[in-house]
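**Q** When the letters of the sequence shown are read in order and numbered with the numbering used here, they come out as residues 33 to 171.
Beta carbons are placed, not taken as given, at the ideal position from N, Cα and C, and that holds for glycine.
In this text, all values refer to a predicted model and were calculated from it rather than measured experimentally.
Encoded as structure tokens, here's the structure I'll be asking about.
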Amino acid sequence: MITKHPVVVSECIQEIPCNPCVTSCQFQAISMEGINGIPVINFEKCSGCGKCVSICPGLALFLIGIKGKKGLVTLPFEMLPVPLKGEKVYLLDRKGKEIGQGDVLRVIFPDKSTKSAVITVSFDNIELIKSVRNIRSLK
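Given below as structure tokens:
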């Protein structure tokens, strides 16, 4: 699933009228049954561009991948201050529990159309790509 490049994963569980992820994907890798459906990802079509990550109002989309011997997760981030490239951070799971430490590889600051920064973190334990869903500064 993630051998060539990072791919998006959806943790959207809300059956509400929402589809920005579907309309933002130029590769048609995200679909849903009706406006109230749950996003379904076609991993073969997903380019890993991450546009959907920044556009999701529910902060429910993430990119996961492996580069060399490092795990990578790209996630939306709405807290201040926004960590900077090179900063060490705590890796948090879905419940906010610390599960490791990582390094900020990339930060894309929000523009007019989005409210979330998009941050890519790397870490040594590749298995954590299944669990990392937020970060917190070590400071």
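Are A92 and K77 touching if we call contact CB-CB under 8 Å?
**A** Walking along the sequence shown from the start, residue 92 turns up at place 60. Walking along the sequence shown from the start, residue 77 turns up at place 45. In this structure, K77 does not lie closer than 8 Å to A92 by Cβ.
**Q** Would you be able to state if there are at least three C-beta pairs under 8 Å between the stretch 47-65 and the stretch 98-113?
**A** No contact exists between the stretch 98-113 and the stretch 47-65.
**Q** Using 8 Å as the cut-off, can you tell me whether the stretch 137-148 makes contact with the stretch 67-77, which would need three or more C-beta pairs spanning the two stretches below that distance?
**A** Flag = no, the stretch 137-148 and the stretch 67-77 do not touch.
**Q** May I have a chain-ordered list of the beta strand (DSSP E) segments no shorter than 3 residues that lie completely inside the stretch 69-142?
**A** 93-99, 102-109, 120-124 and 130-140, all fully within the stretch 69-142.
**Q** Any idea if R126 is buried or exposed, counting beta-carbon neighbours within 10 angstroms, 16 or more meaning buried?
**A** Along the sequence shown, read from residue 1 onward, the residue named residue 126 stands at position 94. Exposed, by the Cβ-count rule.
**Q** Among V153, N157, K129 and P71, which has the Cα closest to the Cα of F109?
**A** Here residue 109 is taken as the residue at index 77 of the sequence shown, counted from 1. Checking every option, the nearest Cα to that of F109 belongs to V153.
**Q** Any idea what DSSP makes of S145, helix, strand or coil?
**A** As a first step, residue 145 must be located in the sequence shown, where it is residue number 113. Here S145 sits in coil by DSSP.
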